[in-house]
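K.L.:
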Amino acid sequence: MRIFRELHQDDDPFRRTQRQDPSPTKDEGDLFSHRPSPRKIRILLDTESFPADTGSAIELFDSLITHPRVFALSVETSTITSTDTSAPTSAGMLKVHDTTADAGRFKYPGPQYSWSIDDEDVHPDGSATQAKHGSTSPERHTCETVQVYRDLERQHRTDFRLTDAVNYAIVAEVTRDAGFDILVSEAPVAACRLLPMHDRVVVVSRAEAVPILAHYLRRQHIFQAGPACRVTLSRHT
Numbered sequence: 029m030r031i032f033r034e035l036h037q038d039d040d041p042f043r044r045t046q047r048q049d050p051s052p053t054k055d056e057g058d059l060f061s062h063r064p065s066p067r068k069i070r071i072l073l074d075t076e077s078f079p080a081d082t083g084s085a086i087e088l089f090d091s092l093i094t095h096p097r098v099f100a101l102s103v104e105t106s107t108i109t110s111t112d113t114s115a116p117t118s119a120g121m122l123k124v125h126d127t128t129a130d131a132g133r134f135k136y137p138g139p140q141y142s143w144s145i146d147d148e149d150v151h152p153d154g155s156a157t158q159a160k161h162g163s164t165s166p167e168r169h170t171c172e173t174v175q176v177y178r179d180l181e182r183q184h185r186t187d188f189r190l191t192d193a194v195n196y197a198i199v200a201e202v203t204r205d206a207g208f209d210i211l212v213s214e215a216p217v218a219a220c221r222l223l224p225m226h227d228r229v230v231v232v233s234r235a236e237a238v239p240i241l242a243h244y245l246r247r248q249h250i251f252q253a254g255p256a257c258r259v260t261l262s263r264h265t
């Protein structure tokens, strides 16, 4: 219920103000609202952290994220500190790179990270957004992460290093800034619920994401039928 509550409520006052007016694409607003044309659920996948698994929960997850109402992209957490901006953004990926050196004199304090998406995001009303890009300045959150990490008892941080905690704090800010609802990760650092990243974005494993996706589709009267989820019952068709 904590996850559903956090997904349903938007704690960003600026976004709340923006969403008071009807969206031109009808793809904004509360995630679980019961509307004829709701917005899609947006999921960022930390695929590098996924172990090989063929369990039933993983099969359900792999099937659910292919639904047209789900917008899912992958991110390579191992490359977010790269300063190489020449490589194009691959399909199905959210590319993150360190642009601190190129930020100029009037940048925000601390490191700067840019992100870009080149995939087409088709909205429920038929319109589409072809590409998006943006930047974030996560210094405050990375500093908080360092402080929390150093105060953690050893038993809570034996499986990851400080560098991992800082990198995932950056990924969490990118996830939030790029408009994703959920970060799906199975890295040891993501499982530590005491880190500040969990106050900034919803981070779950693939198995934990299944009931969230199912609840989202159920709220839209979209039901997957059959063990392979290849049959769909929907009020929209």
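Residue numbering for the sequence shown is 29 to 265, as defined by my numbering. Heads up, the beta-carbon is just placed ideally off N, CA and C, and yes, glycines get one too. A quick note: this is a predicted structure, and the numbers were derived from the prediction, not measured.
What residues are listed by DSSP as bridge partners for Ala100?
P.N.:
By one-based count along the sequence shown, residue 100 stands at place 72. DSSP, once it has assigned bridges, lists Ile71 as partnering Ala100.
K.L.:
Assuming contact is defined by CB atoms lying nearer than 9 angstroms, are Leu73 and Arg67 in contact in what I supplied?
P.N.:
To locate residue 73, count along the sequence shown from 1; it is residue 45. To locate residue 67, count along the sequence shown from 1; it is residue 39. Result no, Cβ atoms of Leu73 and Arg67 do not sit closer than 9 angstroms.
K.L.:
Which term fits Thr105, buried or exposed, when burial requires 16 or more other beta carbons within 10 angstroms of its beta carbon?
P.N.:
Translated into positions along the sequence shown, residue 105 becomes position 77. Buried, since its Cβ has 16 or more Cβ neighbours within 10 Å.
K.L.:
Since Ser142 sits in a beta bridge, which residues does DSSP pair it with?
P.N.:
As a working note, residue 142 is residue 114 in the sequence shown. Paired residues: His125 and Ser163.
K.L.:
Val231 lies in the alpha helix (DSSP H); which residues open and close that run?
P.N.:
Position 203 of the sequence shown, counted from the start, is the residue given in the question as residue 231. Counting along the chain, Val231 falls outside any alpha helix (DSSP H), though it belongs to the beta strand (DSSP E) covering Val230 to Val232.
K.L.:
Jot down the residue ranges of each uninterrupted beta strand (DSSP E) in the stretch 154-222, minimum 3 residues, whole runs only, in chain order.
P.N.:
Qualifying beta strand (DSSP E) stretches, in chain order: 160-164 and 210-212.
K.L.:
Measuring CA to CA, which of Glu172, Thr164, His125 and Ala156 is closest to Thr111?
P.N.:
Taking the first residue of the sequence shown as 1, we reach residue 111 at position 83. Here the closest residue by C-alpha is His125.
K.L.:
Let me know the secondary structure DSSP gives Ile250 once reduced to three states.
P.N.:
Position 222 of the sequence shown, counted from the start, is the residue given in the question as residue 250. The answer is strand: DSSP assigns Ile250 an E or B state.
K.L.:
Expressed to the nearest angstrom, what Euclidean distance is found between the alpha-carbon atoms of Ser102 and His249?
P.N.:
The sequence position of residue 102 within the sequence shown is 74, counting from 1. The sequence position of residue 249 within the sequence shown is 221, counting from 1. Each residue's alpha carbon lies about 27 angstroms from the other.
K.L.:
Could you give the DSSP three-state label for Tyr244: helix, strand or coil?
P.N.:
Residue mapping note: residue 244 aligns to position 216 of the sequence shown, counting from 1. Helix at Tyr244.
K.L.:
Per DSSP, what are the beta-bridge partners of Val150 in this structure?
P.N.:
By 1-based counting over the sequence shown, the position of residue 150 is 122. Partner(s): Ala156.
K.L.:
Tell me which same chain residues have a C-beta within less than 8 angstroms of the C-beta of Phe188, skipping the five on either side of it?
P.N.:
On the sequence shown, residue 188 is found 160 positions in, with the first residue counted as 1. Cβ within range, chain order: Ala215, Pro216, Val217 and Cys220.
K.L.:
Within a Cβ cutoff of 8 angstroms, which residues of the same chain sit near Ala119, ignoring the five residues on either side of it in sequence?
P.N.:
Within the sequence shown, residue 119 is the residue found at index 91, counting from 1. Cβ neighbours of Ala119 beyond the five flanking positions: Asp146 and Asp147.
K.L.:
If you follow the alpha helix (DSSP H) that Leu92 is part of, which residue opens it and which one closes it?
P.N.:
For the purposes of this step, residue 92 is taken as the residue at position 64 of the sequence shown. Its alpha helix (DSSP H) spans residues Ser84 to Leu92.
K.L.:
What's the gap between the Cα of Thr82 and the Cα of Tyr136?
P.N.:
Position 54 of the sequence shown, counted from the first residue, corresponds to residue 82. Position 108 of the sequence shown, counted from the first residue, corresponds to residue 136. Roughly 44 angstroms separates the two Cα atoms.
K.L.:
By the three-class DSSP mapping on this structure, what secondary structure does Asp130 have?
P.N.:
Here residue 130 refers to the residue found at position 102 of the sequence shown. If DSSP states are grouped into helix, strand and coil, Asp130 belongs with the helices.
K.L.:
Between His169, Ile86, Ser144 and Pro166, which lies nearest to Thr157 when the distance is taken from Cα to Cα?
P.N.:
What you label residue 157 is simply residue 129 of the sequence shown in a count that begins at 1. Per the Cα distances, Ser144.
K.L.:
Helix, strand or coil for Ser77, going by three-state DSSP, please let me know.
P.N.:
Counted from its first residue, the sequence shown places residue 77 at position 49. Note: Ser77 maps to helix in three-state DSSP.
K.L.:
Evaluate Leu241 with the Cβ neighbour count: other Cβ atoms within 10 Å of its Cβ, from every protein chain shown; 16 or more gives buried, anything less gives exposed.
P.N.:
In the sequence shown, residue 241 corresponds to position 213, counting from 1. Leu241 is buried by the Cβ-count criterion.
K.L.:
If I'm right that Ile210 touches Val230 with Cβ under 8 angstroms, what's the distance once you round it to whole angstroms?
P.N.:
Within the sequence shown, residue 210 is the residue found at index 182, counting from 1. Within the sequence shown, residue 230 is the residue found at index 202, counting from 1. The Cβ separation is near 5 angstroms, so the contact holds.
K.L.:
Tell me whether Ala235 sits in a helix, a strand or coil according to DSSP, three-state version.
P.N.:
By one-based count along the sequence shown, residue 235 stands at place 207. The answer is helix: DSSP assigns Ala235 an H, G or I state.
K.L.:
Among Pro224, Arg247, Arg246 and Val232, which has the Cα closest to the Cα of Pro275?
P.N.:
A query on residue 275 cannot be resolved here, the shown segment of the chain reaching from 29 to 265 and no further.
K.L.:
Might you give, ordered along the chain, the residues of its own chain that have their beta carbon closer than 7 angstroms to the beta carbon of Ser213, omitting 5 neighbours on each side?
P.N.:
Counted from its first residue, the sequence shown places residue 213 at position 185. Result list for Ser213: Asp74, Ser77 and Val231, in chain order.
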